[in-house]
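Chemist: If you're matching positions, the sequence shown starts at 10 in the working numbering and goes up one per residue. Built from N, CA and C at the ideal position, the CB exists for glycine as well. Remember, it's a predicted structure, so these values are computed and weren't measured experimentally.
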Amino acid sequence: MTDRETATTLRELIEERTIVVCCGSGGVGKTTAAGALAVEGARLGRRTCVVTIDPAKRLADALGLESLTNEPGRIEGDWEEPGELWALMLDTKTTFDDLVGRYAATPEQATLILSNHLYRNIAGALSGTQEYMAMEKLFELHDEGRFDLIVVDTPPTRNALDFLDAPRRLTRFLDNRIFRLLVMPTRTYMRMVGVATQAFLRTVAKVVGSDVVKDAVDFFAAFEGMEQGFRERAQKVLDLLSEPVTAFVLVAAPRRDAIEEALFFASRLQESDIEVEALIVNRLHPRFGQVPSVLTSPEAAAAPAAAPLAALVGNLRDLEGIAEREERYLKSLTRQVAPAPVVRVPLLDHDVHDLNGLGQVGRYLLGLEEG
Ligand SMILES: Nc1ncnc2c1ncn2[C@@H]1O[C@H](COP(=O)(O)OP(=O)(O)O)[C@@H](O)[C@H]1O
Ligand SMILES: [Mg+2]
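1. Residue 33 to residue 43, Cα distance in whole Å?
2. Would you mind sorting residue 114 into buried or exposed? The rule is 16 or more other CB atoms within 10 Å of its CB.
3. Residue 294 and residue 331: beta carbons closer than 8 Å?
4. What I want to know is whether the C-beta of residue 102 ends up closer than 7 Å to one or more non-hydrogen atoms of ligand 1.
5. As an exercise, report each continuous alpha helix (DSSP H) stretch of at least 4 residues that is fully enclosed by the segment 65-137, in chain order.
6. Work out the CA separation of residue 64 and residue 89 for me, nearest whole Å.
7. At a threshold of 7 Å, does residue 138 count as lining ligand 2 (C-beta to nearest heavy atom)?
8. At a cut-off of 7 Å, would you count residue 122 as near ligand 2, judging by its Cβ distance to the nearest heavy atom?
9. Select from 341, 156, 229, 245 the residue whose C-alpha is nearest the C-alpha of residue 56.
10. Going straight from the alpha carbon of residue 345 to that of residue 141, what length do you get?
11. Could you check which residue in 264, 263, 258 has the C-alpha nearest to that of residue 274?
12. Using the C-alpha atoms, what's the distance from residue 230 back to residue 86?
13. By DSSP's criteria, residue 61 is part of a beta bridge. Which residues make up the other side?
14. When you compare each of 265, 268, 173 to residue 245 by their alpha carbons, which one comes out closest?
15. Check whether the Cβ of residue 146 sits closer than 7 Å to any heavy atom of ligand 2, and report yes or no.
16. Quick one: what does DSSP say residue 18 is sitting in, helix, strand or coil?
17. Less than 8 Å between the C-beta atoms of residue 96 and residue 371, yes or no?
18. Heavy atom of ligand 1 less than 7 Å from the Cβ of residue 154, yes or no?
19. To which residues of the same chain is residue 98 closer than 7 Å at the C-beta, ignoring the five residues directly before and after it?
20. Going by alpha carbons, who is nearest to residue 7 out of 318, 313, 297, 298?
21. Are the CB atoms of residue 161 and residue 352 nearer to each other than 8 Å?
22. Alpha carbon to alpha carbon, how far is residue 102 from residue 129? Give it in angstroms, no decimals.
23. Quick check on the contact list: which residues have their beta carbon closer than 7 Å to a heavy atom of ligand 2?
24. Taking only heavy atoms of ligand 1 into account, decide whether any of them is closer than 7 Å to the Cβ of residue 97.
25. Leaving out five residues before and five after residue 302 in sequence, what residues of the same chain have Cβ atoms less than 6 Å from its Cβ?
26. Roughly how many angstroms separate the alpha carbons of residue 255 and residue 298, rounded to a whole number?
27. Which residue's Cα is closest to the Cα of residue 238: 72, 47, 108, 338?
28. Taking 7 Å as the cut-off, does the CB of residue 357 come closer than this to any heavy atom belonging to ligand 1?
29. For ligand 1, is there a heavy atom less than 7 Å away from the beta-carbon of residue 35?
30. May I ask whether a heavy atom of ligand 1 can be found less than 7 Å away from the beta carbon of residue 334?
Here it is, written out as structure tokens:
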């Protein structure tokens with residue numbers, strides 16, 4: 010989306026957009042950022058929902074997410090009218106089940122698929138499923154029109170952007186040639202499948218058990234006719250993600266490895282014509298500036314508290330060294346996402362596990378406090 014106007018602040022994004030997706034590698038603060046942005050959205054008077062993925066236990070408790078319900082729960086707070094805050098914790102399996110229910114031609118077809126062993130195993134394990142289901146849930150919430158703003162957290166893996174490949178992935182999986190052959194009516198099947206393939210399948214059945222092969226055959230048979238629906242749905246999800254109502258925010262930590270991951274994410278998004286509209290750098294070390302010369306003067310060295318003072322000066326120098334290194338790491342990333350604004354959040358002296366903590370991070374995100 011190169012024709013999209015680049016917002017100048019995160020505040021504008023949460024005031025004006027409908028969807029904000031927080032992405033980045035594991036542990037950098039995506040869940041925290043998504044929660045904090047949602048709190049700010051509600052505070053600014055928007056009906057907001059945050060879709061979280063595996064939040065830390067204490068934060069989940071604070072947001073009333075003690076169980077996986079896959080439906081948003083409401084969080085009371087001091088929001089400006091008509092602001093509301095809702096939160097849900099993604100349940101990949103239930104989301105996939107709902108999707109099957111939606112595209113099955115009949116309730117019987119849905120039941121067949123949902124009770125199939127193979128389906129039950131792949132629903133959670135197929136590569137990219139969690140990533141895709143996060144986007145599917147987002148699409149569903151957006152479609153319902155209950156919220157002005159939906160903030161989405163993404164899974165903590167390098168594959169978090171796998172949903173961008175979802176249509177291809179689903180189709181490739183459902184088009185698997187061997188299984189295509191298996192679900193054909195028996196006579197056609199006998200004509201087409203060579204002796205070698207039949208022998209192969211018999212061997213497969215021997216190794217993995219004939220139940221497994223039967224499950225697979227049933228599974229693909231049950232999916233017959235649903236690929237088109239899946240493919241179209243996946244395409245709609247992708248379209249929604251590249252519409253101007255959607256903004257992608259990249260969260261990064263100022264460490265060398267995390268910056269490399271963030272560069273990877275940024276280029277992956279750019280390949281899919283999706284712009285990073287803001288960069289959040291989380292957990293920056295504080296800067297205290299150069300050590301004042303009076304502290305390193307001969308007088309200081311001769312002072313009664315010279316030893317502890319020298320230790321403190323040493324600490325200060327170390328911190329300044331870390332902060333400088335962080336700034337160096339950040340340069341390439343800032344360049345790559347330009348003209349996206351860079352928002353800084355300092356390393357706090359405590360974990361962020363409740364609404365207060367999220368509110369504190371939110372103040373940095375909105376520029377009410379300098380990080
Ligand atoms: N600015 C910060 N200062 C201190 N702790 C933070 C900060 N941001 C996040 N945390 C803590 O770091 C941990 C990881 O953050 P989280 O948002 O869960 O990361 P992610 O979702 O990217 O894996 C959490 O325990 C969170 O409370
Ligand atoms: Mg997380």
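Modeler: This is what the structure holds:
1. Indexing the sequence shown from 1 puts residue 33 at position 24. Indexing the sequence shown from 1 puts residue 43 at position 34. Taking C-alpha positions only, residue 33 is separated from residue 43 by approximately 11 Å.
2. Within the sequence shown, residue 114 is the residue found at index 105, counting from 1. In the assembly as shown, residue 114 is an exposed residue. Its beta-carbon has fewer than 16 other beta-carbons within 10 Å.
3. Within the sequence shown, residue 294 is the residue found at index 285, counting from 1. Within the sequence shown, residue 331 is the residue found at index 322, counting from 1. When the beta-carbon positions are compared, residue 294 and residue 331 come within less than 8 Å of each other.
4. In the sequence shown, the residue the question calls residue 102 occupies position 93. The answer is no for residue 102.
5. Fully enclosed alpha helix (DSSP H) runs of 4 or longer: 66-71, 101-112, 116-123, 126-134.
6. Numbered from its first residue, the sequence shown carries residue 89 at position 80. Numbered from its first residue, the sequence shown carries residue 64 at position 55. Taking the straight line joining both Cα atoms gives about 26 Å.
7. The residue given as residue 138 occupies position 129 in the sequence shown. Residue 138: no, Cβ never under 7 Å from ligand 2.
8. Position 113 of the sequence shown, counted from the start, is the residue given in the question as residue 122. Within the chosen limit of 7 Å, ligand 2 does not reach the beta carbon of residue 122 with any heavy atom.
9. Indexing the sequence shown from 1 puts residue 56 at position 47. Residue 156 holds the alpha-carbon nearest to the alpha-carbon of residue 56 among 341, 156, 229, 245.
10. Position 336 of the sequence shown, counted from the first residue, corresponds to residue 345. Position 132 of the sequence shown, counted from the first residue, corresponds to residue 141. If you take the alpha carbons of residue 345 and residue 141, they lie about 26 Å apart.
11. The residue labelled residue 274 in the question sits at position 265 within the sequence shown. Comparing Cα positions, the closest option is 258.
12. Residue numbering aside, residue 86 sits at position 77 when the sequence shown is read from its first letter. Residue numbering aside, residue 230 sits at position 221 when the sequence shown is read from its first letter. Taking the straight line from one Cα to the other gives about 50 Å.
13. By one-based count along the sequence shown, residue 61 stands at place 52. BP columns for residue 61 point to 98.
14. Here residue 245 is taken as the residue at index 236 of the sequence shown, counted from 1. Nearest of 265, 268, 173 to residue 245, Cα basis: 173.
15. In the sequence shown, the residue the question calls residue 146 occupies position 137. Outside the cutoff, so no.
16. Here residue 18 refers to the residue found at position 9 of the sequence shown. Coil at residue 18, not helix or strand.
17. Here the question's residue 96 lines up with position 87 in the sequence shown. Here the question's residue 371 lines up with position 362 in the sequence shown. Inclusion of residue 96 and residue 371 in the CB contact set at 8 Å is not warranted, their separation being larger than that value.
18. Position 145 of the sequence shown holds residue 154. Not under cutoff, so the answer is no.
19. Start at 1 with the first residue of the sequence shown, and residue 98 comes out as number 89. Once the five neighbours on either side are set aside, the close Cβ partners of residue 98 are 61, 64, 69, 74, 77.
20. The displayed coordinates of the chain run from 10 to 380. Any statement about residue 7 would go beyond what the structure contains.
21. If you number the sequence shown from 1, residue 161 lands on position 152. If you number the sequence shown from 1, residue 352 lands on position 343. Against a cut-off of 8 Å, the Cβ pair of residue 352 and residue 161 comes out as no contact.
22. Working through the sequence shown from its first residue, we reach residue 129 at position 120. Working through the sequence shown from its first residue, we reach residue 102 at position 93. Whole-angstrom Cα-Cα distance: 8 Å.
23. Spelled out in chain order, the answer is 39, 40, 62, 63, 64, 162, 165.
24. Taking the sequence shown and counting its residues from 1, the one referred to as residue 97 is at position 88. False, no ligand heavy atom lies under 7 Å from that Cβ.
25. Numbered from its first residue, the sequence shown carries residue 302 at position 293. Closer than 6 Å at the Cβ level, and outside the excluded window around residue 302, lies no residue.
26. To locate residue 255, count along the sequence shown from 1; it is residue 246. To locate residue 298, count along the sequence shown from 1; it is residue 289. Roughly 39 Å between the two C-alpha positions.
27. Taking the sequence shown and counting its residues from 1, one reaches residue 238 at position 229. Nearest C-alpha to residue 238 among 72, 47, 108, 338: 108.
28. Taking the first residue of the sequence shown as position 1, residue 357 is located at position 348. Yes, the beta carbon of residue 357 sits closer than 7 Å to at least one heavy atom of ligand 1.
29. Residue 35 sits at position 26 when you count from the first residue of the sequence shown. Within the cutoff, so yes.
30. Looking up residue 334 in the sequence shown gives position 325. Result no, Cβ not under 7 Å from ligand 1.
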